[in-house]
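Note that the protein sequences, when read in sequence, are chains A and B. Residue numbering for the first sequence follows UniProt numbering, beginning at 1 and increasing consecutively. Residue numbering for the second sequence follows UniProt numbering, beginning at 1 and increasing consecutively. First the structure, in the form of structure tokens, and then the observations on it.
Protein chains: 2
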Amino acid sequence: MRGKEAKVTIYDVAKKAGVSKSTVSRYLGGRFHELSPKTQQKIKQVIDELQYRPNNLARGLKSSRSYLIGALVADITNPYTTAILRGAEDVCKQHGYSLLICNSDNQPAKEREYISMLQSHKIDGLLIQTTGGNSDFLETLSENGKTPIVLVDRKIPELPFDTVEIDNRGAVMQAVSYLIKKNYKRIGYFTEPVAHFSPRHERYTGFQEALRLVNPSHPSLEDLFEVDLNDESQLEKKLNTFLSRTSKEPRAIIAGNSVIALKIIIKLKEQGYKIPDDTGFLSFDNPEWAAAVFSGITTIEQPTYQIGKTVMELILKRLADNESPVQTISYQTRLIERESAPGR
Amino acid sequence: MRGKEAKVTIYDVAKKAGVSKSTVSRYLGGRFHELSPKTQQKIKQVIDELQYRPNNLARGLKSSRSYLIGALVADITNPYTTAILRGAEDVCKQHGYSLLICNSDNQPAKEREYISMLQSHKIDGLLIQTTGGNSDFLETLSENGKTPIVLVDRKIPELPFDTVEIDNRGAVMQAVSYLIKKNYKRIGYFTEPVAHFSPRHERYTGFQEALRLVNPSHPSLEDLFEVDLNDESQLEKKLNTFLSRTSKEPRAIIAGNSVIALKIIIKLKEQGYKIPDDTGFLSFDNPEWAAAVFSGITTIEQPTYQIGKTVMELILKRLADNESPVQTISYQTRLIERESAPGR
DNA sequence: TTGTAGGCGTTATCAC
DNA sequence: GTGATAACGCCTACAA
Numbered sequence: 001m002r003g004k005e006a007k008v009t010i011y012d013v014a015k016k017a018g019v020s021k022s023t024v025s026r027y028l029g030g031r032f033h034e035l036s037p038k039t040q041q042k043i044k045q046v047i048d049e050l051q052y053r054p055n056n057l058a059r060g061l062k063s064s065r066s067y068l069i070g071a072l073v074a075d076i077t078n079p080y081t082t083a084i085l086r087g088a089e090d091v092c093k094q095h096g097y098s099l100l101i102c103n104s105d106n107q108p109a110k111e112r113e114y115i116s117m118l119q120s121h122k123i124d125g126l127l128i129q130t131t132g133g134n135s136d137f138l139e140t141l142s143e144n145g146k147t148p149i150v151l152v153d154r155k156i157p158e159l160p161f162d163t164v165e166i167d168n169r170g171a172v173m174q175a176v177s178y179l180i181k182k183n184y185k186r187i188g189y190f191t192e193p194v195a196h197f198s199p200r201h202e203r204y205t206g207f208q209e210a211l212r213l214v215n216p217s218h219p220s221l222e223d224l225f226e227v228d229l230n231d232e233s234q235l236e237k238k239l240n241t242f243l244s245r246t247s248k249e250p251r252a253i254i255a256g257n258s259v260i261a262l263k264i265i266i267k268l269k270e271q272g273y274k275i276p277d278d279t280g281f282l283s284f285d286n287p288e289w290a291a292a293v294f295s296g297i298t299t300i301e302q303p304t305y306q307i308g309k310t311v312m313e314l315i316l317k318r319l320a321d322n323e324s325p326v327q328t329i330s331y332q333t334r335l336i337e338r339e340s341a342p343g344r
Numbered sequence: 001m002r003g004k005e006a007k008v009t010i011y012d013v014a015k016k017a018g019v020s021k022s023t024v025s026r027y028l029g030g031r032f033h034e035l036s037p038k039t040q041q042k043i044k045q046v047i048d049e050l051q052y053r054p055n056n057l058a059r060g061l062k063s064s065r066s067y068l069i070g071a072l073v074a075d076i077t078n079p080y081t082t083a084i085l086r087g088a089e090d091v092c093k094q095h096g097y098s099l100l101i102c103n104s105d106n107q108p109a110k111e112r113e114y115i116s117m118l119q120s121h122k123i124d125g126l127l128i129q130t131t132g133g134n135s136d137f138l139e140t141l142s143e144n145g146k147t148p149i150v151l152v153d154r155k156i157p158e159l160p161f162d163t164v165e166i167d168n169r170g171a172v173m174q175a176v177s178y179l180i181k182k183n184y185k186r187i188g189y190f191t192e193p194v195a196h197f198s199p200r201h202e203r204y205t206g207f208q209e210a211l212r213l214v215n216p217s218h219p220s221l222e223d224l225f226e227v228d229l230n231d232e233s234q235l236e237k238k239l240n241t242f243l244s245r246t247s248k249e250p251r252a253i254i255a256g257n258s259v260i261a262l263k264i265i266i267k268l269k270e271q272g273y274k275i276p277d278d279t280g281f282l283s284f285d286n287p288e289w290a291a292a293v294f295s296g297i298t299t300i301e302q303p304t305y306q307i308g309k310t311v312m313e314l315i316l317k318r319l320a321d322n323e324s325p326v327q328t329i330s331y332q333t334r335l336i337e338r339e340s341a342p343g344r
């Protein structure tokens, strides 16, 4: 039992409204001043009756606008990521764009495949939290395809793209000086492997800088730990290294992001350590569970939603005018004080 | 400074390879047996050189396949949702599809707009966690557009669509009998407003059934609380109602999902209640933080990733053959025992 | 204000 | 095996 006409096209609307395709097209394009009120009304009515929806594929083929924005992120399962996407989506919707979301899993190969795929779909813009392994590809996309690309979170020095990030250096600095003011003598910094990821790198070196500012040979200059979370035993080992060598001093831990923070917290629990009695704790990001763990975890909040919004706004801006100079927008973070690092 | 040719089309490839468009098209379509090995090789080479990517818009216009799958969910910010999307994405990628992700925020109006938008993009299939307010629209999409639609999580009785869900009734039953076995005498069930959302409804009534099975006039038949989380004070009020009227008995709380679970936990902490000493606790979903809160929260885990995978598999199946009868796949849940309901 | 006539990049149906 | 050629549904000059 078929419904009405299988597919209704602009031609069907035109016919039924007794006008030509171009006229309907004008209506669709919002060029109302070129149409008589009567025609407008008639077209509107027919569109409603027929439940006509313009075909974006056809539209895009002609106008070379797909109204699709690619969002290529490391991991959509990470709340940090979804918050950003949420911001991006709201702006998209407002402007008639849709988001094509892909996960690279931090694998350059996967990222590359997705870039190709997105290119096929003729995306009008790309939001990317890049693995850093496909600069050549991205440059081609940007130059040949003229596709606006905006980097989020992770920047790439050699690429001349707009970037939205946070002031990572400032953020760690603030964290460190907060802990030092609270009289913690040893501060362990735990991060996922720094590799070539700019935010991890900036936080890592920022941490060192901050310590040196206080004391050029601060003992915690050796309390930096990169841990690969895929390796089950690594975290425990490094955590114990830190805990055992600082057992007699007031100490605190900074987690480089909320993923590793959660792992650390669970490990600490397993081993019977209490926050903040046995060790102070402070985490990057401000995950929803921060208030529910121990007596609340002090965190460094990023304006994630705003970041996503801004990315899309930059893309839209370039879509309107691609000539403005490349810019990097760096947001300040906010330290949310809870009870996990009350001082000693 | 322009790169090479701005856009490279099938025609450019054909010209450079010294063949016709049709031949290249055959190659792209994977019909290798219709091509001489020499031609194949030549085309492959030229494609690489030119970095040619077929234009999906044109391809879709002709073949009426967009290779786009719509994913219309309530809230991408909810970890439950992203886990499902992750499963869906992996299947998509494997088959050359991309995911167009949209948030309805549980608002039928927004959902409706997105359905229209997705229709415009000529999606080849739709994964939807529906608000329930757009059955007419969905039916049109399915009938006229012949677009396979699969409902996730929430079903709609009047719609003849494939559905993937969990056995909600079974899940609560298991939870309740677990708590009763642990000797809890009063069990409070907290849920977001049930309204017309099938999983919430099934859990709600399942809870009642489970109690009646034990005792047709079980006192906790009145311990059901629907709370609107947008109203700041509501949760606190209802929570206190329950806590005060059960203060002298062994009691536990079941949270209908991880969102409300977290809110309850935070409220309990604020007011100085301890889990499990002051009240047992058990939550639907198995959020990442479950192990980090108090001494671990006992949860009902859903196979979220698998659910997403299954949805996409159903869509693909219908894309290949739309004649098979409508089916509902219902997954069993798993109770993950931690320390939040050890019994009294 | 409205209609006519291409053409966007593919695929598919013919011939050769 | 391969090559012309006509759609697909829409947009945009250019005419009227």
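Note that beta-carbon positions come from the ideal geometry of N, C-alpha and C, so glycine has one too. These numbers were taken from a predicted model, which means no experiment stands behind them.
Next on the checklist: Can you tell me whether A:Glu226 is helix, strand or coil according to DSSP?
Outcome noted: Working through the first sequence from its first residue, we reach residue 226 of chain A at position 226. Judged by DSSP in its simplified three-state form, A:Glu226 adopts strand.
Checklist entry - What separation, rounded to the nearest whole angstrom, lies between the Cα atoms of A:Ile10 and A:Ser104? => result Taking the first sequence and counting its residues from 1, one reaches residue 10 of chain A at position 10. Taking the first sequence and counting its residues from 1, one reaches residue 104 of chain A at position 104. Distance between A:Ile10 and A:Ser104, taken at the CA atoms: about 38 Å.
Item to check | Nonlocal neighbours in the same chain, by C-beta distance under 6 Å from A:Arg2, ignoring five residues either side | outcome: The residue given as residue 2 of chain A occupies position 2 in the first sequence. Residue placement at A:Arg2 is flagged as unreliable, the pLDDT there being 27, under the threshold of 50; the coordinate-derived value follows with that caveat. Cβ neighbours of A:Arg2 beyond the five flanking positions: none.
Checklist entry - Between the Cα of A:Met117 and the Cα atoms of B:Gln51, B:Ala88, B:Ala83, which residue gives the shortest distance? => result Taking the first residue of the first sequence as 1, we reach residue 117 of chain A at position 117. Here the closest residue by C-alpha is B:Gln51.
Checklist entry - Can you tell which of B:Glu49, B:Leu85, B:Leu141 has its C-alpha closest to the C-alpha of A:Lys7? => result As a first step, residue 7 of chain A is located in the first sequence; it is residue number 7 there, counting from the start. From the listed residues B:Glu49, B:Leu85, B:Leu141, the smallest Cα separation to A:Lys7 is found for B:Leu141.
Checklist entry - Taking DSSP as the reference, what is the three-state secondary structure of A:Asp167? => result Numbered from its first residue, the first sequence carries residue 167 of chain A at position 167. Correct three-state label for A:Asp167: coil.
Checklist entry - Just by C-beta distance, which residues in the segment 290 to 301 of chain A are closer than 7 Å to chain B? => result Ala291, Ala292, Val293
Next on the checklist: In the DSSP output, which residue or residues are listed as bridge partners for residue 350 of chain B?
Outcome noted: The question about residue 350 of chain B has no answer here: the residues shown for chain B are numbered 1 through 344.
Checklist entry - According to DSSP, is B:Ser283 helix, strand or coil? => result For the purposes of this step, residue 283 of chain B is taken as the residue at position 283 of the second sequence. In the structure shown, B:Ser283 sits in a strand (DSSP, three-state: E or B).
Item to check | Minimum C-alpha distance to A:Tyr97 - residue among A:Ser120, A:Ile69, A:Glu165 | outcome: Numbered from 1 along the first sequence, position 97 holds the residue referred to as residue 97 of chain A. Of A:Ser120, A:Ile69, A:Glu165, the residue nearest in Cα terms is A:Ile69.
Checklist entry - How many Å lie between B:Ile187 and A:Gly272 at the Cα? => result For the purposes of this step, residue 187 of chain B is taken as residue 187 along the second sequence, with counting starting at 1. For the purposes of this step, residue 272 of chain A is taken as residue 272 along the first sequence, with counting starting at 1. Cα-Cα distance, rounded: 30 Å.
Next on the checklist: So within the segment 68 to 104 of chain B, which uninterrupted alpha helix (DSSP H) runs reach at least 4 residues, ignoring any that extend past its ends?
Outcome noted: Scanning the segment 68 to 104 of chain B for uninterrupted alpha helix (DSSP H) segments of 4 residues or longer gives 79 to 94, listed from N- to C-terminal end.
Checklist entry - Where DSSP assigns a beta bridge to A:Ala255, which residues make up the other side? => result Taking the first sequence and counting its residues from 1, one reaches residue 255 of chain A at position 255. DSSP output for A:Ala255 lists A:Phe190, A:Ser283 as bridge partner(s).
Next on the checklist: Tell me the rounded alpha-carbon separation between B:Thr205 and B:Leu224.
Outcome noted: Taking the second sequence and counting its residues from 1, the one referred to as residue 205 of chain B is at position 205. Taking the second sequence and counting its residues from 1, the one referred to as residue 224 of chain B is at position 224. Looking at the backbone, the Cα of B:Thr205 and that of B:Leu224 are separated by about 10 Å.
Checklist entry - So the alpha helix (DSSP H) residue 345 of chain A belongs to, where does it begin and stop? => result Nothing about residue 345 of chain A can be read from this structure; chain A reaches only from 1 to 344.
Next on the checklist: Is B:Cys102 a contact residue of the ligand NAP, with contact defined as CB to any heavy atom under 8 Å?
Outcome noted: Absence of the ligand NAP is noted for the structure shown, with no ligands found whatsoever.
Checklist entry - Span of the alpha helix (DSSP H) holding B:Leu127? => result Position 127 of the second sequence holds residue 127 of chain B. Not the alpha helix (DSSP H): B:Leu127 falls in the beta strand (DSSP E), residues 125 to 128.
Next on the checklist: What does the alpha-carbon distance come out to for the pair B:Thr82 and B:Ile307?
Outcome noted: Here residue 82 of chain B refers to the residue found at position 82 of the second sequence. Here residue 307 of chain B refers to the residue found at position 307 of the second sequence. Cα-Cα distance, rounded: 11 Å.
Checklist entry - What's the call for A:Glu209, buried or exposed, on a 16-neighbour Cβ count within 10 Å? => result Stepping through the first sequence from its first residue, residue 209 of chain A is reached at position 209. Per the 10 Å Cβ criterion, exposed.
Next on the checklist: Once the 5 residues before and after A:Lys238 are set aside, which same chain residues still bring their CB inside 7 Å of it?
Outcome noted: Counted from its first residue, the first sequence places residue 238 of chain A at position 238. Phe225, Val227.
Next on the checklist: For B:Pro79 and B:Pro303, which I take to be in contact (beta-carbon distance under 8 Å), what is that distance rounded to the nearest angstrom?
Outcome noted: Walking along the second sequence from the start, residue 79 of chain B turns up at place 79. Walking along the second sequence from the start, residue 303 of chain B turns up at place 303. Not quite, the Cβ-Cβ distance comes to about 14 Å (not below 8 Å), so this is no contact.
Next on the checklist: Which residues does DSSP list as the beta-bridge partners of A:Thr304?
Outcome noted: Counting from 1 along the first sequence, the entry for residue 304 of chain A is found at position 304. Answer is none; A:Thr304 lacks a bridge partner.
Item to check | Contact set between A:Ser66 and chain B, taken where Cβ atoms lie within less than 9 Å | outcome: Here residue 66 of chain A corresponds to residue number 66 of the first sequence, with the count starting at 1. Here the neighbours are Asn56, Leu57, His121.
Checklist entry - Of all Cβ atoms in chain A, is any one closer than 9 Å to the Cβ of B:Gly96? => result Along the second sequence, read from residue 1 onward, the residue named residue 96 of chain B stands at position 96. Chain A, which has a Cβ nearer than 9 Å to the Cβ of B:Gly96, makes this yes.
Checklist entry - Using Cβ-Cβ distances below 8 Å, what residues of the segment 168 to 179 of chain A are close to chain B? => result Across the segment 168 to 179 of chain A, no CB contact with chain B closer than 8 Å is found for any residue.
Checklist entry - Rounded to a whole number of angstroms, what is the C-alpha to C-alpha distance between A:Trp289 and A:Val259? => result Residue 289 of chain A sits at position 289 when you count from the first residue of the first sequence. Residue 259 of chain A sits at position 259 when you count from the first residue of the first sequence. When rounded, the distance between both Cα atoms is 11 Å.
Next on the checklist: I want to know whether the segment 11 to 23 of chain B touches the segment 36 to 52 of chain B - three or more CB-CB distances under 8 Å.
Outcome noted: yes
Next on the checklist: If you reduce the DSSP assignment to three classes, tell me which class B:Thr9 lands in.
Outcome noted: Residue mapping note: residue 9 of chain B aligns to position 9 of the second sequence, counting from 1. The answer is coil: DSSP assigns B:Thr9 none of H, G, I, E or B.
Item to check | For B:Ile115, the first and last residue of its enclosing alpha helix (DSSP H) | outcome: By 1-based counting over the second sequence, the position of residue 115 of chain B is 115. Its alpha helix (DSSP H) spans residues 108 to 120.
Next on the checklist: Going by beta-carbon coordinates alone, are B:Thr333 and B:Ala195 separated by less than 9 Å?
Outcome noted: As a working note, residue 333 of chain B is residue 333 in the second sequence. As a working note, residue 195 of chain B is residue 195 in the second sequence. No, they are not a contact pair.
Checklist entry - Cβ atoms of B:Ser120 and A:Asn56: under 9 Å apart, would you say? => result Residue mapping note: residue 56 of chain A aligns to position 56 of the first sequence, counting from 1. Residue mapping note: residue 120 of chain B aligns to position 120 of the second sequence, counting from 1. For A:Asn56 and B:Ser120, yes; Cβs fall inside 9 Å.
Next on the checklist: Restricting to Cα atoms, I'd like to know which of A:Asp75, A:Leu72, A:Thr130, A:Leu85 is closest to B:Ile76.
Outcome noted: The count along the second sequence starts at 1 and reaches residue 76 of chain B at position 76. Residue A:Leu85 is the option with its Cα nearest to B:Ile76.
Item to check | Closest Cα partner of A:Asp278 within the set A:Thr298, A:Arg251, A:Leu28 | outcome: The residue given as residue 278 of chain A occupies position 278 in the first sequence. When the alpha-carbon of A:Asp278 is set against those of A:Thr298, A:Arg251, A:Leu28, the nearest one is in A:Arg251.
Next on the checklist: Relative to the C-alpha of A:Thr163, which candidate in A:Gln40, A:Thr328, A:Ser340 has its C-alpha closest?
Outcome noted: Here residue 163 of chain A refers to the residue found at position 163 when the first sequence is read from its first residue. Cα-wise, what sits closest to A:Thr163 is A:Thr328.
Next on the checklist: Please list, in chain order, the chain A residues whose beta carbon lies closer than 8 Å to that of B:Ser116.
Outcome noted: Along the second sequence, read from residue 1 onward, the residue named residue 116 of chain B stands at position 116. Taking a Cβ-Cβ threshold of 8 Å, the residues of chain A close to B:Ser116 are Arg53, in chain order.
Checklist entry - The alpha helix (DSSP H) with B:Ile47 in it runs from where to where? => result Position 47 of the second sequence, counted from the start, is the residue given in the question as residue 47 of chain B. 37 to 50 is the span of the alpha helix (DSSP H), which, as asked, contains B:Ile47.
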